[in-house]
Amino acid sequence: MRRVAVVGVGCTRVGELWDKSLKDLIVESTLKALDDAGIEKIDTIYVGNALSQILQRQGNLGSLTVDVLGLEETPAISLEAADASGGLAFHEAVKAVKFGWADFVLVVGVEKMSDASSSEVAEALMTFEDQDYVAFTGINQAGLHALLLRLYMEKFRVKHEEIAMFAVNAHKNAANNSYAQFRSLINVEDVLKSPIIADPLRLLEYSTIADGSAAVILCPLEEAKKIKKNPVEVLASTIATDRFFLFERVDMLTFNSTRKAVKKALEEAKISLQDINLVEVHDASTILGVLSLEDLGFVEKGKGASFVAEGHISLDGTLPTNTFGGLKGRGNPVGATGVYQIVEMVWQLRGEAGKNQVGNAKVGLTHNLGGTGSYATVNILKGNLT
Amino acid sequence: MTTTSVPKYWREIKYRYRLIGSRCLQCGKIFFPHRAVCRVCGSRKLEDYKLSEKGEVLSFTVIRRNSPSSFEKNVPYIVGLIKLENGITLLSQIVDCSIEEVSIGMPVELTFRKIKEAGKEGIIEYGFKFRPVLK
Amino acid sequence: MKPEKCVGIISYGGYVPIYRVKTSEIARMWGRDGEPMQAEEVAVASMDEDSVTMAVEAARYALKSAKIDPKEIGAIYIGSESKPYAVKSSGTIVAEAIGASPHITAADFEFACKGGTEALQACIGLVAAGMVKYGLAIGVDAAQAAPSDDLEYTVACGGAAFLVGPKTDETIAYFEGSCSYVSDTPDFWRRAEQPYPSHAGRFTGEPAYFRHVINAAKNLMKEFSYKPEDFDYVIFHQPNLKFPVRAGLMLGFTRKQLEPGLVIPSIGNVYAGSALLGLVAVLDSAKPGERILLVSYGSGGGSDAFSIVVQRKPSKGNPTPFISQLISRKKYLDYAQYAKYRGKMFF
Numbered sequence: 107m108r109r110v111a112v113v114g115v116g117c118t119r120v121g122e123l124w125d126k127s128l129k130d131l132i133v134e135s136t137l138k139a140l141d142d143a144g145i146e147k148i149d150t151i152y153v154g155n156a157l158s159q160i161l162q163r164q165g166n167l168g169s170l171t172v173d174v175l176g177l178e179e180t181p182a183i184s185l186e187a188a189d190a191s192g193g194l195a196f197h198e199a200v201k202a203v204k205f206g207w208a209d210f211v212l213v214v215g216v217e218k219m220s221d222a223s224s225s226e227v228a229e230a231l232m233t234f235e236d237q238d239y240v241a242f243t244g245i246n247q248a249g250l251h252a253l254l255l256r257l258y259m260e261k262f263r264v265k266h267e268e269i270a271m272f273a274v275n276a277h278k279n280a281a282n283n284s285y286a287q288f289r290s291l292i293n294v295e296d297v298l299k300s301p302i303i304a305d306p307l308r309l310l311e312y313s314t315i316a317d318g319s320a321a322v323i324l325c326p327l328e329e330a331k332k333i334k335k336n337p338v339e340v341l342a343s344t345i346a347t348d349r350f351f352l353f354e355r356v357d358m359l360t361f362n363s364t365r366k367a368v369k370k371a372l373e374e375a376k377i378s379l380q381d382i383n384l385v386e387v388h389d390a391s392t393i394l395g396v397l398s399l400e401d402l403g404f405v406e407k408g409k410g411a412s413f414v415a416e417g418h419i420s421l422d423g424t425l426p427t428n429t430f431g432g433l434k435g436r437g438n439p440v441g442a443t444g445v446y447q448i449v450e451m452v453w454q455l456r457g458e459a460g461k462n463q464v465g466n467a468k469v470g471l472t473h474n475l476g477g478t479g480s481y482a483t484v485n486i487l488k489g490n491l492t
Numbered sequence: 005m006t007t008t009s010v011p012k013y014w015r016e017i018k019y020r021y022r023l024i025g026s027r028c029l030q031c032g033k034i035f036f037p038h039r040a041v042c043r044v045c046g047s048r049k050l051e052d053y054k055l056s057e058k059g060e061v062l063s064f065t066v067i068r069r070n071s072p073s074s075f076e077k078n079v080p081y082i083v084g085l086i087k088l089e090n091g092i093t094l095l096s097q098i099v100d101c102s103i104e105e106v107s108i109g110m111p112v113e114l115t116f117r118k119i120k121e122a123g124k125e126g127i128i129e130y131g132f133k134f135r136p137v138l139k
Numbered sequence: 243m244k245p246e247k248c249v250g251i252i253s254y255g256g257y258v259p260i261y262r263v264k265t266s267e268i269a270r271m272w273g274r275d276g277e278p279m280q281a282e283e284v285a286v287a288s289m290d291e292d293s294v295t296m297a298v299e300a301a302r303y304a305l306k307s308a309k310i311d312p313k314e315i316g317a318i319y320i321g322s323e324s325k326p327y328a329v330k331s332s333g334t335i336v337a338e339a340i341g342a343s344p345h346i347t348a349a350d351f352e353f354a355c356k357g358g359t360e361a362l363q364a365c366i367g368l369v370a371a372g373m374v375k376y377g378l379a380i381g382v383d384a385a386q387a388a389p390s391d392d393l394e395y396t397v398a399c400g401g402a403a404f405l406v407g408p409k410t411d412e413t414i415a416y417f418e419g420s421c422s423y424v425s426d427t428p429d430f431w432r433r434a435e436q437p438y439p440s441h442a443g444r445f446t447g448e449p450a451y452f453r454h455v456i457n458a459a460k461n462l463m464k465e466f467s468y469k470p471e472d473f474d475y476v477i478f479h480q481p482n483l484k485f486p487v488r489a490g491l492m493l494g495f496t497r498k499q500l501e502p503g504l505v506i507p508s509i510g511n512v513y514a515g516s517a518l519l520g521l522v523a524v525l526d527s528a529k530p531g532e533r534i535l536l537v538s539y540g541s542g543g544g545s546d547a548f549s550i551v552v553q554r555k556p557s558k559g560n561p562t563p564f565i566s567q568l569i570s571r572k573k574y575l576d577y578a579q580y581a582k583y584r585g586k587m588f589f
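Residue numbers (my numbering), protein chains in the order written: chain S, 107 to 492; chain P, 5 to 139; chain R, 243 to 589.
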């Protein structure tokens, strides 16, 4: 088993990128990552994508990616795990390097959602849930999050205002991220006055249709040291599942996928939660952001909202969270999100985060969810700045 | 997206029309939706089990925008998490009820309704929904 | 028509949707404010209801108090003029929804507003012949009226289901016999591809409704040597309030005999469910020994008349709600919501 490092990162802007096709996005992020790494040869490609078969009627992305990059000899693997496709692609790539199956591995996450109408996308997102007994009710993803939001506020007697702060933090960090989809500053009142999408969830609490692609290059740590002065090491990469049906879970407000994944990751990295300096969590909605902080173990169940409201997650707080805007601010091109999280964490751990640089960023954790918590990936990365 | 797979709909008819889940013959655990392998004891012997037709609302939301296509005409509609007996919770639309009336804890009962139809030519898909209990 | 073996009503159930629109609101829409109305308000099916879903609700209510295994039902016949499928039996869906399939015969009956009583006649025949143990007859409609048409002020949604079987001491009521009167009288019709029906105006009165209803009722009473006084209740098909009352009075019945079966003022004309819902309302309160004359009318045209004797009242704690409970639980719609629910808006 070898130690694994990230040696190159790159991404496109996130937004409704009308001029760019799925293929254009793949090429852009990949070339940026290759340039950042300063290498040309890739042994294997891992592609993470959730919806292209539905929205673009385009499958077989492994082969497609090899083709658009002009490579002929490279094997490729495409993976899908709902909105955790990016996290899963990264996970498999880490394994390839760790177990010696490949040396230089490219991971690219890509999603192009603006090709379809809002209702087509709403329907496509429901492929992440059971078709026969969940999608069949007519609920959409926002509705599922809204159910949890209401349950949480009822159970823990928490005000919506506190939970909404998650989005405020997201936009604040996105403001300085030139790749982010939404760069406007918002406050809690803006969030709570924004249109209702599914009671009681508001528009400004929920990530929306986005296009984007992010790519990273992995290789053994020993190789990385030859290329980069301060390569970022992948200390752990884990995946876990929870019951597919939200309503069959013992506690609907606890995602056991996250809990299992983080437990395994901390064991693998041989560190404890206190060693984590900053996190990228899966805030597809504010409530999922809050629940994720709790399920990862940073705060007790039910106390996540006040943790956020008290400002602990800001860049200068005790646990800087979603430092480039997260899913709400930077954006959530679903299958690519997990890889964006890695790119941003690497910038932080390299000290390349510019205005959003977290001081003393040594160890970071990224957390990517699939479906309403039926799938989770957790990665722990360590910077090597002296 | 709006075309229906007839066989896919047809296979679930019995379960959706009459709210039938599964019961493990080995350990007695009840499941909904129906399943082939018991999650508790691993048994592969499960039988059809008719669930209770009454329950209470645990949480609810109202779909107002971006409804999946084929549900657009129904907007706004209420979807809730409903707790039945035997530890079963499920997801269902709540009907015959205004948005102002629906509340956590509200008692509801099973009703048979149209879920969606594949245009004017396609089949009509029926299934279960829940409504406030008739007083 | 007298069945060889006596057939009884094992149980029954009526269903009316929760929504109503006041006829004054419809009048407001079309500038007919202040005109006298046949119904105060009409029952309106929700967007996710149709004649099949309402048939299931009525059937389920009937089965709640029947204490039989649905698999013992040998026939399911549904009368409706608003079937959601022109070709695909509603009976197949209802049978599945109540757990009665697959060892069952099913068919849909069309005879305008008397499809339900036709279904009833057929079930009585099969039971009396010993061909089935139980038969389920349903009359249900979610009929349509063109915007601004006169029919909008009466057309309504709902239905009733009757589980019939061999008469025993336990049956709620039994059929003494029935009589039908049918002729080719095109008073009200709907061509196959048309969404809304057409009618021949005042021709729907004397040569249509009255001729058939009076003849069916008279012939039944003649066959059994009954006079109006031998009945405690008379129930007619109710396209409006005037016709059933006039028919009753013409035949020599009193308002007292008519009142309990009149449902149109509170829910409107439920077409194939109209007379049968009137029967439900009467059975809900009738006393053992009382006799009912049920007279349906279907445009086209024909009338079925039945003589029914009550044996017992629905028991205390009966799980099936009284139709009065369903009628009194209501939510009002304005015309826009009504148009949306009844598919009069184009999307």
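Yeah, the Cβ is synthetic: ideal placement off N, Cα and C, and Gly gets one too.
Residues that residue i bridges to, as DSSP identifies them
i: R:Ser552; result: In the sequence as displayed, the identity of residue 552 of chain R is Val instead of Ser. Answer by DSSP bridge pairing, in chain order: R:Ala415.
i: P:Gln97; result: P:Val83
i: R:Trp431; result: R:Ser440
i: R:Asn511; result: R:Val397
i: S:Leu475; result: S:Ala482
i: P:Gly126; result: Looking at the DSSP assignment, P:Gly126 forms no beta bridge with any residue, so it has no partner.
i: R:Asp290; result: R:Asp290 pairs with nothing; no bridge assigned.
i: P:Thr115; result: P:Lys133
i: S:Arg163; result: For S:Arg163, which the question treats as bridged, DSSP gives no partner whatsoever.
Residue j beta carbon less than 9 angstroms from that of residue i
i: S:Ile377; j: S:Phe404; result: no
i: S:Ala208; j: S:Thr150; result: yes
i: R:Ile230; j: R:Val382; result: For residue 230 of chain R there is no data in the structure shown, the boundaries of chain R being 243 and 589.
i: S:Leu298; j: S:Ala252; result: no
i: S:Thr483; j: S:Ala321; result: no
i: S:Leu255; j: S:Thr364; result: no
Residue interval of the alpha helix (DSSP H) (run including residue i)
i: R:Ile320; result: No alpha helix (DSSP H) contains R:Ile320, which is instead part of the beta strand (DSSP E) from 315-321.
i: S:Glu267; result: 266-280
i: S:Leu352; result: Looking at the DSSP string, S:Leu352 is not in any alpha helix (DSSP H), and its letter there is neither H nor E.
i: P:Ser71; result: Where P:Ser71 is concerned, there is no enclosing alpha helix (DSSP H), given that its DSSP letter is neither H nor E.
i: S:Phe413; result: 410-415
i: R:Val329; result: Taken as a continuous stretch (DSSP letters only), R:Val329 belongs to no alpha helix (DSSP H), as it is neither H nor E.
i: S:Phe242; result: Per DSSP, S:Phe242 belongs to no alpha helix (DSSP H) and is neither H nor E.
i: S:Gly432; result: 432-435
i: R:Arg533; result: Segment 533-537 is the beta strand (DSSP E) holding R:Arg533; no alpha helix (DSSP H) there.
First and last residue of the uninterrupted beta strand (DSSP E) at residue i
i: P:Ser26; result: 24-28
i: R:Gly256; result: 249-257
i: S:Ala326; result: The sequence shown places Pro at residue 326 of chain S, rather than the Ala named in the question. Looking at the DSSP string, the run of the beta strand (DSSP E) that includes S:Pro326 is 317-326.
i: S:Leu253; result: Note, S:Leu253: premise wrong, no beta strand (DSSP E); alpha helix (DSSP H) at 247-262.
i: S:Cys117; result: 110-117
i: S:Ala304; result: 302-304
Residue burial classification, residue i (beta-carbon count within 10 angstroms, cutoff 16)
i: R:Gln436; result: exposed
i: P:Met5; result: Only weak support is given to the placement of P:Met5: the predicted model assigns it a pLDDT of 43, under 50, and the question is left unresolved by the model.
i: S:Ala342; result: buried
i: R:Thr410; result: exposed
i: P:Ile103; result: exposed
i: P:Trp14; result: exposed
i: P:Cys31; result: exposed
i: R:Thr359; result: buried
i: R:Ala434; result: exposed
i: S:Leu379; result: exposed
Those runs of the beta strand (DSSP E) which lie wholly inside the segment 375-415 of chain R and span at least 3 residues
The segment 375-415 of chain R contains these whole beta strand (DSSP E) runs: 376-384, 399-408.
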